[in-house]
Ligand code: ADE
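In the working numbering, the protein residues as written are 38 to 343.
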């Protein structure tokens with residue numbers, strides 16, 4: 038898997054050479070390159086941001102710099118647009134939709150165009166629809182990912198899906214974020230564009246969020262983990278997607294506390310049942326929202342909806 042990361046702080050990603058991701062790079066499973074967005078600027082100050090149109094605090098990342106960078110990394114030529122930006126959302130949507138129809142020989146952009154969901158204001162919803170519908174990422178199609186606190190939540194299902202991609206490109210925003218036309222434009226060019234939040238809190242930029250997503254994705258690449266079994270029964274994974282049961286190791290008694298006796302019984306059926314019941318009980322208590330989403334069929338307990 039090729040992974041490009043664009044940031045104004047590319048040094049931040051030097052840590053990716055450590056630990057398991059460093060080993061995976063050495064083994065040739067992944068190739069990570071961090072790029073400095075300022076390398077695509079042309080002014081003396083290497084500026085990447087400007088004031089928000091319509092007013093407001095902070096700065097917004099400029100589309101021109103991002104587009105030069107992303108065109109390079111995605112090997113795309115700049116598209117011609119028959120409209121001037123800022124003519125209004127309806128004009129934007131029509132122009133984007135027309136371009137999307139031309140550019141896409143089926144797939145994401147055509148779907149977005151036909152649904153008319155390409156207005157700049159509607160990107161997050163469009164991204165959501167696309168990721169839900171297209172659960173298999175073709176290995177030869179790059180996926181462009183923008184961390185964004187106002188986007189749909191990144192989940193284990195997204196990590197699993199993206200672990201099958203051949204090329205991921207992360208665009209780390211800073212300041213008040215990036216110009217909304219950037220993801221819209223690349224969707225219209227037929228690129229699989231995702232915007233994800235890693236949680237309901239605001240960070241200073243997309244760098245930490247990118248690291249989090251990268252770790253969640255790359256550890257699922259076949260051959261990445263020393264022991265592949267360790268990812269099979271984790272929280273959020275597999276049937277039911279429950280929180281994982283608690284774990285114990287030796288000694289059986291420590292500071293007056295015993296491990297649950299059933300775990301010492303050697304009866305695998307009982308151990309499995311104990312663990313599954315505990316997973317269910319913990320999930321009901323800590324994350325009832327996950328229980329609501331449970332697939333009763335997969336659990337084999339059609340009567341246990343909540
Ligand atoms: N950038 C800032 N906060 C973020 C968050 N919670 N998730 C993804 N990207 C972000």
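Each residue gets a CB set at the ideal place from its N, CA and C atoms; glycine is no exception.
This structure is a prediction, so every number in the text was calculated from the model and none was measured.
_Opening and closing residue of the alpha helix (DSSP H) in which residue 305 lies_ = For residue 305, the enclosing alpha helix (DSSP H) covers residues 305–323.
*Could you give the DSSP three-state label for residue 238: helix, strand or coil?*
It is coil, neither helix nor strand.
*Under 8 angstroms, do residue 207 and residue 43 count as touching if we go by C-beta distance?*
Annotated as proximal: residue 207 and residue 43, with beta-carbon spacing under 8 angstroms.
*asked:* In the DSSP output, which residue or residues are listed as bridge partners for residue 215?
replied: BP columns for residue 215 point to 98.
*Enumerate, from N- to C-terminal direction, the unbroken alpha helix (DSSP H) stretches of 4 or more residues contained entirely within the segment 38–64.*
If we require 4 residues or more, the alpha helix (DSSP H) runs fully inside the segment 38–64 come out as 56–63.
_At the level of alpha carbons, what is the spacing between residue 215 and residue 221?_
Roughly 12 angstroms separates the two Cα atoms.
_Once the 5 residues before and after residue 73 are set aside, which same chain residues still bring their CB inside 6 angstroms of it?_
Hits under 6 angstroms: 47.
*In whole angstroms, what separates the C-alpha of residue 38 from that of residue 290?*
Those two C-alpha atoms are separated by around 45 angstroms.
*asked:* Give me the residue from 183, 260 and 305 with the minimum Cα distance to residue 249.
replied: Here the closest residue by C-alpha is 183.
*Say the cut is 7 angstroms; is the CB of residue 97 nearer than that to a heavy atom of ligand 1?*
No.
_Is it buried or exposed, residue 342, if we count other Cβ atoms within 10 angstroms and call 16 or more buried?_
Confidence in residue 342 is poor, its pLDDT being 43 and thus under 50, which makes the residue's placement unreliable; the coordinate value appears in the next sentence. Classification for residue 342: exposed.
_ligand 1 heavy atom lying under 7 angstroms from the CB of residue 180_ = Result no, Cβ not under 7 angstroms from ligand 1.
*asked:* Given 7 angstroms as the limit, tell me if residue 239 has its C-beta closer than that to any heavy atom belonging to ligand 1.
replied: Yes, since a heavy atom of ligand 1 falls inside the 7 angstroms radius drawn around the Cβ of residue 239.
_Within 10 Å of its beta-carbon, does residue 224 have 16 or more other beta-carbons around it, so buried, or fewer, so exposed?_
Per the 10 Å Cβ criterion, buried.
*Helix, strand or coil for residue 81, going by three-state DSSP, please let me know.*
Three-state DSSP puts residue 81 in coil, outside helix and strand.
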